Amino acid sequence: MAHWLARLGLAAALAFAGATAHAASSQFCDRAKPLTASQQDRVLRFTAVVQQALSDTGSDAVLISRSGLDLSRFRIRYSHAAVAWKSADGTWLARQLYYACDEGHPRLYDQGLAGFVMGIDDPVLGYVSIVSLPAGSAQALRQAALDTPRALHLLAARYSANAYPFSLRYQNCNQWVMELLAVAWGALPDGDDLRERAQQWLRAVPYRPTPVDVGSHALVFASNFVPLLHLDDHPQEDVYALKLRVSLPSTMEAFVREQRPGSERVELCHDGRQVVVHRGWEPVSEGCRPSEGDRVVRLD
């Protein structure tokens with residue numbers, strides 16, 4: 001890559017909100033800790049299982065999400081979503097919004113599957129979720145995602161890890177995917193006001209992201225100091241209630257499940273020793289423990 005990119009989302013915002021302002025601001029764009037050779041080998045083998053799961057969907061465009069920092073206290077497992085698409089030579093890539101730290105702006109970035117999976121912060125416990133769509137919906141999503149001028153018109157100038165879904169002021173990675181779904185399924189033509197029309201479509205459908213219970217005023221305080229964390233786009237009543245509506249992979253999947261009943265989900269996880277492949281909308285067990293009907297692939 002010509003420049004390194006922050007792996008940011010609501011996960012980072014909430015995790016760092018409890019830290020001191022100086023520490024939080026200095027860590028938002030820190031590089032990830034390098035993997036050991038053993039960890040890299042396991043993650044690459046996990047990636048191979050993910051790639052097979054993508055191929056098994058029979059589609060050439062799906063929604064894919066990965067876990068980030070440990071946010072179990074907020075009941076959040078996934079923090080970063082993208083559109084995974086298969087190129088003409090059979091290679092899977094993830095098109096996504098990233099924050100370019102050296103440029104100070106969000107960018108669209110096509111990343112190989114291995115790089116996407118290695119973006120998981122915990123090298124010994126990682127989760128990936130894949131949602132395949134009915135053929136027509138998948139094709140519309142692929143066309144919208146790969147229509148670069150239209151996809152770029154959906155890209156906001158300013159990034160906020162906890163962006164409010166119905167404001168044009170900021171955007172996060174998951175909100176870009178949501179607006180892309182609106183463009184694809186609403187057949188919205190290109191134009192300078194594309195984001196506004198996409199959000200109008202989402203409101204009308206309607207898209208109702210479940211509020212995140214922040215639980216304390218730490219996030220409100222941190223928003224005054226931590227870069228890429230903002231509250232000025234959120235309704236005041238949400239801020240006062242400490243319940244923020246933010247686009248997350250979980251809200252995206254709930255929307256897709258409701259709007260496209262033929263969609264299917266497969267969740268994969270690894271704990272450094274084994275991979276668990278779990279099918280269905282119910283989440284795989286915490287700690288990547290297999291349940292009845294799950295497939296297990298050994299890594300050791």
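According to our numbering, the sequence shown holds residues 1 to 300 in order. All C-beta atoms in this analysis are idealised placements derived from N, C-alpha and C, irrespective of residue type, glycine included. Values in this document were obtained by computation on a predicted structure and should not be read as measured data.
For residue i, is the classification buried or exposed, using 16 other Cβ atoms within 10 angstroms of its Cβ as the cut-off for buried?
{"i": "R77", "result": "buried"}
{"i": "T210", "result": "exposed"}
{"i": "E103", "result": "exposed"}
{"i": "E253", "result": "buried"}
{"i": "Q111", "result": "buried"}
{"i": "A23", "result": "Note that A23 scores a pLDDT of 38, beneath 50, so its modelled location is shaky and nothing firm can be said."}
{"i": "R75", "result": "exposed"}
{"i": "H270", "result": "buried"}
{"i": "R289", "result": "exposed"}
{"i": "A88", "result": "exposed"}
{"i": "G126", "result": "buried"}
My assumption, with CB atoms under 8 Å, is that residue i sits in contact with residue j. Please give the rounded CB distance.
{"i": "V177", "j": "V128", "result": "Not confirmed; about 15 Å, so no contact."}
{"i": "Q259", "j": "R298", "result": "The pair is not a contact, with the Cβ atoms about 37 Å apart (cut-off 8 Å)."}
{"i": "R169", "j": "R158", "result": "7 Å"}
{"i": "L272", "j": "R42", "result": "It is Gly, not Leu, that sits at residue 272 in the sequence shown. Rounded, the Cβ-Cβ distance is 6 Å, consistent with contact."}
{"i": "L242", "j": "D213", "result": "7 Å"}
{"i": "G68", "j": "S59", "result": "The pair is not a contact, with the Cβ atoms about 25 Å apart (cut-off 8 Å)."}
{"i": "R257", "j": "S263", "result": "6 Å"}
How many angstroms separate the CA atom of residue i from the CA atom of residue j?
{"i": "F255", "j": "V296", "result": "29 Å"}
{"i": "V124", "j": "R142", "result": "32 Å"}
{"i": "W92", "j": "R279", "result": "20 Å"}
{"i": "L152", "j": "Q96", "result": "11 Å"}
{"i": "Q39", "j": "D300", "result": "11 Å"}
{"i": "D294", "j": "K33", "result": "31 Å"}
{"i": "V277", "j": "P134", "result": "21 Å"}
{"i": "R208", "j": "V246", "result": "10 Å"}
{"i": "V266", "j": "G191", "result": "35 Å"}
{"i": "V284", "j": "R66", "result": "13 Å"}
{"i": "Q171", "j": "T148", "result": "18 Å"}
{"i": "P106", "j": "A144", "result": "19 Å"}
{"i": "G90", "j": "S291", "result": "32 Å"}
{"i": "E237", "j": "A100", "result": "32 Å"}
{"i": "R195", "j": "A37", "result": "43 Å"}
{"i": "Y98", "j": "D122", "result": "19 Å"}
{"i": "P261", "j": "G287", "result": "29 Å"}
Just to confirm, is the Cβ distance from residue i to residue j under 8 Å?
{"i": "L108", "j": "L155", "result": "yes"}
{"i": "L268", "j": "N174", "result": "no"}
{"i": "S137", "j": "W185", "result": "yes"}
{"i": "H230", "j": "L244", "result": "no"}
{"i": "L146", "j": "T47", "result": "no"}
{"i": "A204", "j": "V183", "result": "no"}
{"i": "V62", "j": "S132", "result": "yes"}
{"i": "I64", "j": "A94", "result": "yes"}
Counting pairs of Cβ atoms below 8 Å between the segment 160-167 and the segment 100-118, do you hit three or more? no
Is the number of C-beta pairs between the segment 54-62 and the segment 79-89 that are closer than 8 Å three or more? yes
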